[in-house]
Amino acid sequence: YALSGSMWNRRSLTWRVRSFPRASGLNTDTVRTLMQYALAAWGTVGGLEFREVEAGAAAEADILIDFSRAYHEDGYPFDGPGGTLAHAFFPGEHPISGDTHFDEEEAWTFGEDDGGGTDLFAVAVHEFGHALGLAHSSAPNSIMRPFYQGPAGEPSRYRLPPDDQEGLQQLYGKGPKTPKPRPSRKPLIPPPQPPRQPPGSPSEPGPDRCVGGFDAIANIRGEIFFFKGPWFWRLQPSGQLVSPRPAQLHRFWEGLPSTVQAIDAAYARPRDGRIMLFDGPRVWVFQDRQLESDSPWPLTKLGLPAGERVDAVFTWPQNGKTYLFRGSQYWRYDESARSLDPGYPKPLSLWEGAPPAPDDVISGNKGDTYFFKGSYYWRFDPGSVVAATDSPRPMGPEWLDCPSSSQDPPSNPKPRAPQSPGDCDCHCNIIA
Amino acid sequence: VQDPSAQDISLSVDWLTRYGYLPAPDPTQAQLQSQVLLRDAIQTMQRFAGLKETGFMDQQTMAMMRKPRCSLPDLVGAAGLVRRRRRR
């Protein structure tokens with residue numbers, strides 16, 4: 025987090041919405057309620073109290089909220105739809121301190137998914153961070169990142185990311201242990217939605233990414249793809265999910281037959297960037313999103329024994345070779361010779377600390393290697409074949425923008441043993 | 120890296136200045152940005168935005184500059200520091 029250098033010297037602040045967006049579909053009650061929830065997100069963390077005041081009150085509100093367009097007499101003109109969305113003034117004694125301005129010409133929305141407009145609640149939480157004294161943060165999951173990151177979710181359940189909580193608490197200390205009462209307004213009801221689309225449309229509800237257990241995970245051109253059944257999520261290099269909702273496999277990977285309902289493993293081939301999706305004994309090869317005409321290939325084309333399949337695949341940047349994992353063993357594939365290296369398979373235990381039969385393995389953008397299994401991940405430093413001491417860790421909070429579970433052990437948790445005894449290679453160590 | 124157009128460079132200098140990565144123009148003197156200063160500013164912006172630090176106006180960087188965002192600068196302190204130094 026980053027601090028602006030100013031803060032309020034009191035813990036009880038007043039606010040008022042002076043002007044409302046005329047063009048958006050949000051009514052004044054919805055706008056006020058969203059503002060109240062956005063302020064409450066900060067208030068709960070820092071023990072601050074926010075009170076809405078009426079127009080004409082004895083003293084003007086500390087945080088005066090306006091929806092303005094173009095030049096609006098503060099030196100920060102708005103620029104119409106897109107571009108700049110909003111701004112707020114840091115705390116202080118000037119009349120404009122704490123005031124928060126939204127570009128009226130944005131398509132402000134609430135309760136809609138990406139693409140339908142700009143989520144007013146998400147932007148309001150960000151701007152109120154400024155109004156309370158925080159500057160922009162470069163932390164990947166921070167609400168104080170300067171770029172719009174999509175909807176922030178259900179306002180009544182919203183919790184600030186840890187980076188922002190720490191920033192506010194640096195200024196105002198921690199709130200009381202007993203949470204302050206939540207906003208007293210009636211529950212928000214999102215504005216009417218368009219009629220439901222037929223089954224098979226992108227809006228069909230998908231699985232919960234936060235429970236883990238992915239079929240495949242791959243680093244494709246710097247973005248991490250998480251595959252689960254006929255769905256996948258994309259994590260941008262900035263650490264931001266493209267959307268919290270999964271995309272449908274067959275709407276993205278053009279030419280993939282509908283009979284393929286899950287991917288076992290995936291990787292981007294280093295020599296030409298082709299994307300390889302493993303499905304049982306076959307590999308589907310894509311150039312960008314289009315299926316190559318000569319695919320699928322049998323896995324035997326890579327040199328694997330007939331009838332074999334793989335749990336995980338990744339290319340290690342240290343040697344440019346591709347590793348294929350199955351159960352408690354792995355093969356090494358030489359991309360330039362287009363054949364398996366001799367002497368393989370080798371036991372997976374050579375990757376010290378790695379889980380057996382991983383869901384998948386990737387090389388991160390900074391050269392670390394990550395093994396995933398269930399809802400945990402194991403990190404290996406660049407070039408190392410020994411798991412980092414803090415492994416395994418729960419993957420949801422760090423990879424998928426999921427809340428930390430109270431069941432997550434504080435460090436070095438021991439994931440449960442495989443459900444069926446036959447799956448276990450019976451090495452007795454901390455992770456097996 | 121494909122060479123960005125003159126318009127892209129102009130827009131990016133404007134963007135980098137507006138959000139605190141380049142010093143604000145001084146109305147009392149003409150200003151010529153050095154290539155090194157511009158590259159440093161782009162690299163700082165890329166680090167802040169979580170992009171690969173190339174120091175060039177690559178496609179990802181330009182795409183990030185076109186994303187909707189908050190109007191406030193990212194590096195208030197750094198820009199202020201540069202201004203103070205010039206005044207002295």
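If you're matching them up, the sequences are chains A and B in order. Everything in the first sequence is counted per the working numbering, starting at 25 for the first residue and increasing by one. Everything in the second sequence is counted per the working numbering, starting at 120 for the first residue and increasing by one. Think of the CB as a built atom: it goes at the ideal place given N, C-alpha and C, for glycine as much as any other residue.
Just checking residue i against the ligand ZN - is the residue's beta carbon closer than 7 angstroms to any of the ligand's heavy atoms?
i: residue 175(A); result: The ligand ZN is absent from the structure shown, which contains no ligand whatsoever.
So is residue i buried or exposed if we call it buried at 16+ other beta carbons inside 10 Å?
i: residue 54(A); result: buried
i: residue 406(A); result: exposed
i: residue 51(A); result: exposed
i: residue 39(A); result: buried
i: residue 318(A); result: exposed
i: residue 323(A); result: buried
i: residue 242(A); result: buried
i: residue 337(A); result: buried
i: residue 387(A); result: buried
i: residue 383(A); result: buried
i: residue 182(B); result: exposed
i: residue 378(A); result: buried
i: residue 94(A); result: exposed
i: residue 79(A); result: exposed
i: residue 122(A); result: buried
i: residue 397(A); result: buried
i: residue 155(B); result: exposed
i: residue 81(A); result: exposed
Along the chain, where does the beta strand (DSSP E) that runs through residue i open and close?
i: residue 39(A); result: 36-41
i: residue 339(A); result: 336-340
i: residue 303(A); result: 299-303
i: residue 307(A); result: 306-311
i: residue 92(A); result: 87-92
i: residue 73(A); result: 73-76
i: residue 166(A); result: That residue, residue 166(A), is in no beta strand (DSSP E); it is neither H nor E in DSSP.
i: residue 287(A); result: Here residue 287(A) belongs to no beta strand (DSSP E), and DSSP marks it neither H nor E.
i: residue 368(A); result: Unbroken run through residue 368(A): none, as it is neither H nor E.
i: residue 394(A); result: 393-397
i: residue 188(A); result: Segment 186-196 is the alpha helix (DSSP H) holding residue 188(A); no beta strand (DSSP E) there.
In whole angstroms, what is the alpha-carbon distance linking residue i and residue j?
i: residue 360(A); j: residue 295(A); result: 8 angstroms
i: residue 166(A); j: residue 188(A); result: 6 angstroms
i: residue 125(B); j: residue 131(B); result: 10 angstroms
i: residue 416(A); j: residue 99(A); result: 50 angstroms
i: residue 358(A); j: residue 410(A); result: 22 angstroms
i: residue 313(A); j: residue 77(A); result: 54 angstroms
i: residue 255(A); j: residue 339(A); result: 23 angstroms
i: residue 69(A); j: residue 247(A); result: 32 angstroms
i: residue 147(A); j: residue 299(A); result: 36 angstroms
i: residue 109(A); j: residue 126(A); result: 6 angstroms
i: residue 30(A); j: residue 157(A); result: 6 angstroms
i: residue 252(A); j: residue 268(A); result: 14 angstroms
i: residue 184(B); j: residue 329(A); result: 49 angstroms
i: residue 134(B); j: residue 97(A); result: 21 angstroms
i: residue 424(A); j: residue 230(A); result: 15 angstroms
i: residue 194(A); j: residue 281(A); result: 54 angstroms
i: residue 36(A); j: residue 180(A); result: 21 angstroms
i: residue 128(A); j: residue 325(A); result: 58 angstroms
i: residue 83(A); j: residue 427(A); result: 40 angstroms
i: residue 164(B); j: residue 320(A); result: 42 angstroms
i: residue 297(A); j: residue 171(B); result: 18 angstroms
i: residue 114(A); j: residue 161(A); result: 15 angstroms
i: residue 258(A); j: residue 45(A); result: 33 angstroms
i: residue 169(B); j: residue 177(B); result: 14 angstroms
Would you grab the beta carbon distance between residue i and residue j for me? Rounded to a whole angstrom, and I think it's under 8 angstroms.
i: residue 66(A); j: residue 153(A); result: 7 angstroms
i: residue 89(A); j: residue 41(A); result: 5 angstroms
i: residue 292(A); j: residue 335(A); result: Not a contact, Cβ separation roughly 18 angstroms.
i: residue 289(A); j: residue 302(A); result: 4 angstroms
i: residue 354(A); j: residue 366(A); result: About 14 angstroms; that fails the 8 angstroms criterion.
i: residue 400(A); j: residue 418(A); result: 6 angstroms
i: residue 459(A); j: residue 27(A); result: In the structure as shown, chain A begins at 25 and stops at 456. Residue 459(A) is therefore absent and cannot be evaluated.
i: residue 188(B); j: residue 172(A); result: 6 angstroms
i: residue 130(A); j: residue 142(A); result: 5 angstroms
Which two residues bound the contiguous alpha helix (DSSP H) that contains residue i?
i: residue 109(A); result: First-last for residue 109(A): 108-112, but that is the beta strand (DSSP E), not the alpha helix (DSSP H).
i: residue 100(A); result: Residue 100(A) -> no alpha helix (DSSP H), and no H or E assigned at all.
i: residue 273(A); result: 273-276
i: residue 68(A); result: 52-70
i: residue 422(A); result: 419-423
i: residue 150(A); result: 144-155
i: residue 405(A); result: No alpha helix (DSSP H) contains residue 405(A), which DSSP labels as neither H nor E.
Residue i CB to nearest chain E CB: under 8 angstroms?
i: residue 28(A); result: The structure shown contains no chain E; the protein chains it does contain are A and B.
**Item:** Members of the region 155-181 of chain B near chain A, C-beta cut-off 9 angstroms
**Value:** 166, 167, 168, 169, 170, 171 and 179
**Asked** For the region 165-190 of chain A, which residues have a CB atom closer than 7 angstroms to at least one CB atom of chain B, in sequence order?
**Response** 170, 171 and 172
**Request:** For the region 85-115 of chain A, enumerate the residues whose C-beta is nearer than 8 angstroms to any C-beta of chain B, in chain order.
**Result:** 100, 102, 106, 107, 108, 109, 110, 111 and 112
**Asked** In the region 134-158 of chain A, which residues sit with their C-beta less than 9 angstroms from some C-beta in chain B, listed in chain order?
**Response** 142, 147, 150, 151 and 154
**Message:** Beta carbons nearer than 9 angstroms to chain B: which residues of the region 260-272 of chain A have them?
**Reply:** 260, 261, 262, 263 and 264
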